[in-house]
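First comes the structure, then the notes that go with it.
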Amino acid sequence: MEPNSRVYVAGHAGLVGSALVRALEQRGFASIITRTRKELDLRDASAVRTFFDEEAPEYVLLAAARVGGIHANNAYPADFIRDNLQIQTNVIHESWRHGVKRLLFLGSSCIYPKHAPQPMREEHLLTGPLEPTNRPYALAKIAGIEMCWSYNRQHGTRYLAAMPTNLYGPGDNFDLQNAHVVPALMHRMHLAKLNDEPEVVVWGSGTPLRELMHSDDLADCCLTVLSQSDERYLRLLEPVGTDGEACAPLLNMGSGQEYTIAELAAMVREVVGYAGGVHQDRSKPDGTPRKCMDSSRVRNLGWSPQINLRVGLEGMYRAFLAHGVSASKASQRSS
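First residue of the sequence shown: -1, per the numbering used here; consecutive thereafter.
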């Protein structure tokens, strides 16, 4: 990509999309194309076609998705699979129809089997059962990976699927019912601090391991990949598995740093300044026991994460406080 390239960031208001926009702006890109959800419903095929007709992006960063934690995935499985299939189908198809040079499809480490070998490599995709609590979302993302591969094979496109590890950072979803683990913990401990509650309940045993990476590190990784020469980028599109068979154009993006849920809760507690205790509710599901990714292929491009977890959490909490968090105990109790 060149600084004058027309780059469409789908989902620019979310955790990943906002980080991508920041990274593009920092690198001097002047033609960043965005649309809010109200301006463009990516589930609407006709609206997406009109948008591509009018804007003609050269590069597409597909970060738009319906996302959430264990509770949201359990409560809205039909919404998760339907919305994500519609979004990615429309954007990928119109990217092909309009001759987009490169597309990066953002997925999630939940695409890998629940008991995949650790650390997880790209060729472990589709080698075992998925984690049941987020299977609809994972299957939608797997379909997106297969769609990128299929368009590459049939139409000669250059679409790559990037699978980030668990992310956190400014712009995350802090909704208590639908958030991922880090923003959910941060919001709940903030409320407990305001309301002088004696403890915060955390789902599960606290023992599952989670690899975490700041969204700005992910954005830097994505742009590093998209800035590769044609020769190096094309090699990324055709990885070869350990059995000698070609696998999907898939690239892991992780930090390599793992923490138990209990360790993470303790660190968030310190960052928030909450003085109460933490109770692990073992009657609730743990989710996948471990999700560590082998990111050696992207590391071989010269990229490495730069943001320390504690520093990243502190910045995330400052952003959380700066975006209209109510200080009213009554309103917090009703939220």
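By construction, the Cβ of each residue, glycine as well, lies at the ideal position given by its N, Cα and C atoms.
Around the Cβ of residue i, are there at least 16 other Cβ atoms within 10 angstroms (buried) or fewer (exposed)?
{"i": "D81", "result": "buried"}
{"i": "V309", "result": "exposed"}
{"i": "Q24", "result": "exposed"}
{"i": "N2", "result": "exposed"}
{"i": "G126", "result": "exposed"}
{"i": "V269", "result": "buried"}
{"i": "P115", "result": "exposed"}
{"i": "L232", "result": "exposed"}
{"i": "T345", "result": "Not covered by the structure: residue 345. The range shown for the chain is -1 to 333."}
{"i": "V199", "result": "exposed"}
{"i": "N298", "result": "exposed"}
Using 9 Å as the threshold, is the C-beta distance between residue i and residue j below it?
{"i": "L40", "j": "Q84", "result": "yes"}
{"i": "H178", "j": "N164", "result": "yes"}
{"i": "I90", "j": "L101", "result": "yes"}
{"i": "G271", "j": "P196", "result": "no"}
{"i": "Y110", "j": "E53", "result": "no"}
{"i": "A17", "j": "G169", "result": "yes"}
{"i": "M251", "j": "M161", "result": "yes"}
{"i": "R288", "j": "Y257", "result": "no"}
{"i": "A246", "j": "W147", "result": "yes"}
{"i": "L59", "j": "C219", "result": "no"}
{"i": "P303", "j": "S253", "result": "yes"}
{"i": "L319", "j": "L262", "result": "no"}
{"i": "P117", "j": "I79", "result": "no"}
{"i": "N171", "j": "G66", "result": "yes"}
{"i": "C108", "j": "T222", "result": "no"}
{"i": "S106", "j": "Y157", "result": "no"}
{"i": "D284", "j": "I259", "result": "yes"}
{"i": "K112", "j": "L128", "result": "yes"}
Would DSSP call residue i helix, strand or coil?
{"i": "L59", "result": "strand"}
{"i": "H321", "result": "coil"}
{"i": "I305", "result": "coil"}
{"i": "D170", "result": "coil"}
{"i": "L299", "result": "coil"}
{"i": "M251", "result": "strand"}
{"i": "Q86", "result": "helix"}
{"i": "M(-1)", "result": "coil"}
{"i": "Q278", "result": "strand"}
{"i": "L101", "result": "strand"}
{"i": "Y149", "result": "helix"}
{"i": "A246", "result": "coil"}
{"i": "A159", "result": "strand"}
{"i": "E197", "result": "strand"}
{"i": "H113", "result": "coil"}
{"i": "A17", "result": "helix"}
{"i": "D10", "result": "Inspection of the sequence shows that residue 10 is occupied by His rather than by Asp. In the structure shown, H10 sits in coil (DSSP, three-state: anything other than H, G, I, E or B)."}
{"i": "Y231", "result": "helix"}
{"i": "G67", "result": "coil"}
{"i": "N176", "result": "coil"}
{"i": "S106", "result": "coil"}
{"i": "R267", "result": "helix"}
{"i": "G142", "result": "helix"}
{"i": "D218", "result": "helix"}
{"i": "T48", "result": "helix"}
Give me whichever residues DSSP pairs with residue i in a beta bridge.
{"i": "P206", "result": "Answer by DSSP bridge pairing: none, since P206 is not bridged."}
{"i": "T258", "result": "L207"}
{"i": "N164", "result": "L210"}
{"i": "H29", "result": "For the record, residue 29 in the displayed sequence is Ser; it is not His. According to DSSP, which records beta bridges pairwise, S29 is partnered with R4."}
{"i": "K289", "result": "R208"}
{"i": "M118", "result": "M291"}
Measuring CA to CA, which of the options is closest to residue i?
{"i": "L174", "options": "Y166, P162, K99, L189", "result": "L189"}
{"i": "P55", "options": "Q86, T155, R267, R4", "result": "R4"}
{"i": "R35", "options": "A11, P196, S29, Q24", "result": "A11"}
{"i": "M291", "options": "L307, L248, F318", "result": "L248"}
{"i": "P130", "options": "A73, R119, D170, H153", "result": "A73"}
{"i": "I68", "options": "N132, G9, V98, E121", "result": "N132"}
{"i": "H202", "options": "S107, N298, V276", "result": "Just to set this straight, residue 202 is Gly in the shown sequence, not His. It is V276 whose Cα lies nearest to the Cα of G202."}
{"i": "A61", "options": "R208, E0, L216", "result": "L216"}
{"i": "M(-1)", "options": "L224, G254, H153", "result": "L224"}
{"i": "E312", "options": "L299, M265, R20", "result": "M265"}
{"i": "K139", "options": "T87, E92, G154, E37", "result": "T87"}
{"i": "D279", "options": "T205, M211, H321", "result": "T205"}
{"i": "V14", "options": "E37, H212, F27", "result": "H212"}
Check whether chain B comes within 9 Å of residue i, counting only Cβ atoms and requiring the distance to be less than that.
{"i": "L224", "result": "Absence of chain B from the displayed structure is noted, only one protein chain being present."}
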